[in-house]
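Each remark here refers to the structure printed beneath this line.
Numbering (full-length UniProt numbering), first residue to last: 1 to 295.
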């Protein structure tokens with residue numbers, strides 16, 4: 001499969017699912033602004049409390065770190081819910097479009113794909129647990145082709161395989177939601193294993209696209225942050241880079257991640273349809289965990 005049209009087509013999928021895409025853009029914008037506010041609020045609060053100290057600026061920096069840590073913790077605490085209510089419905093809409101299906105316009109589009117996700121997986125906790133299990137199964141399938149990774153330290157190997165399978169797992173879950181059948185995940189793992197060389201190539205292209213544009217967005221957004229810094233009486237210093245990184249989080253979450261997941265949908269969707277019972281059984285023999293009940 002030609003990778004360039006896949007990236008272009010995946011980008012067009014955002015346009016074809018604009019009601020859901022717009023919601024994702026707005027939610028990630030709100031999270032980004034929340035993180036910026038957390039930094040400023042933390043800094044301002046600590047400066048106020050330490051106004052009589054010899055170095056209130058020092059306490060302001062401490063407060064900024066505390067505020068950022070609190071903001072990140074709060075954002076991560078809703079990670080499973082955000083995935084279930086926002087990201088997976090968006091990917092499901094993309095899966096429907098990739099398969100040539102129709103979606104209603106406006107708010108009805110989001111409601112339809114949200115119902116598909118709920119009917120398929122039930123709740124956020126179950127869905128996120130299934131995603132974790134799916135990542136483990138994809139890692140095991142990848143090791144069937146890359147046994148040399150076994151020599152790496154376990155923590156490094158696990159992280160590397162998670163990065164490799166992340167967007168494929170999202171694509172498979174979206175396909176399961178499109179069919180309203182969690183068992184589609186098993187065939188998705190088999191398709192991943194059978195066509196691993198192609199999947200690996202597409203994944204590497206997608207990761208190169210994601211991280212290169214992420215870096216480009218960081219450098220681009222750093223410029224207005226520096227302009228603001230130059231207008232302030234006190235230099236922000238390293239916080240220029242922190243604020244630019246926070247703003248870049250919005251670009252990655254709202255645009256880059258769904259484009260790469262969409263590309264993996266384009267790669268895996270036709271391959272998943274080719275998996276017959278014999279192929280699935282063969283991979284269940286290779287990966288006994290694939291036979292266990294899904295969460």
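Virtual Cβ for every residue (Gly too), placed ideally from N, Cα, C.
Hey, residue 264 and residue 168: beta-carbon distance below 7 Å or not? Result yes, Cβ atoms of residue 264 and residue 168 sit closer than 7 Å.
Roughly how many angstroms separate the alpha carbons of residue 98 and residue 180, rounded to a whole number? Whole-angstrom Cα-Cα distance: 16 Å.
Any beta carbon of chain B sitting closer than 7 Å to that of residue 17? Reference to chain B is not applicable here, since this structure consists of a single protein chain.
Would you identify the three-state DSSP class for residue 226, choosing helix, strand or coil? Three-state result, residue 226: helix.
Taking the runs of the alpha helix (DSSP H) that are 4 residues or longer, which of them lie wholly in the stretch 173-237? Within the stretch 173-237, the runs of alpha helix (DSSP H) at least 4 residues long that lie entirely inside it are, in chain order, 184-194, 196-231.
Burial state of residue 153 (16 or more Cβ within 10 Å): Label assigned to residue 153: exposed.
DSSP state of residue 78 mapped onto helix, strand, coil: Coil, per DSSP.
Residue 87 - containing alpha helix (DSSP H), residue span: In this chain, residue 87 is not harboured by any alpha helix (DSSP H), its DSSP state being neither H nor E.
Proximity to residue 225 [Cα-Cα], best of 213, 215, 238, 214: Out of 213, 215, 238, 214, 238 has the C-alpha closest to the C-alpha of residue 225.
Go through its chain and collect everything with a Cβ distance to residue 27's Cβ below 6 Å, but skip five positions before and after it. Excluding its 5 nearest sequence neighbours in each direction, residue 27 has C-beta neighbours in its own chain below 6 Å: 86, listed in chain order.
Return yes when the Cβ of residue 94 is within less than 7 Å of the Cβ of residue 13, no when it is not. It is a contact, given that the beta carbons lie within the stated cut-off.
Can you check which of these residues, 183, 189, 112, 207, is closest to residue 143 by C-alpha distance? If we check each option's Cα against that of residue 143, 189 comes out closest.
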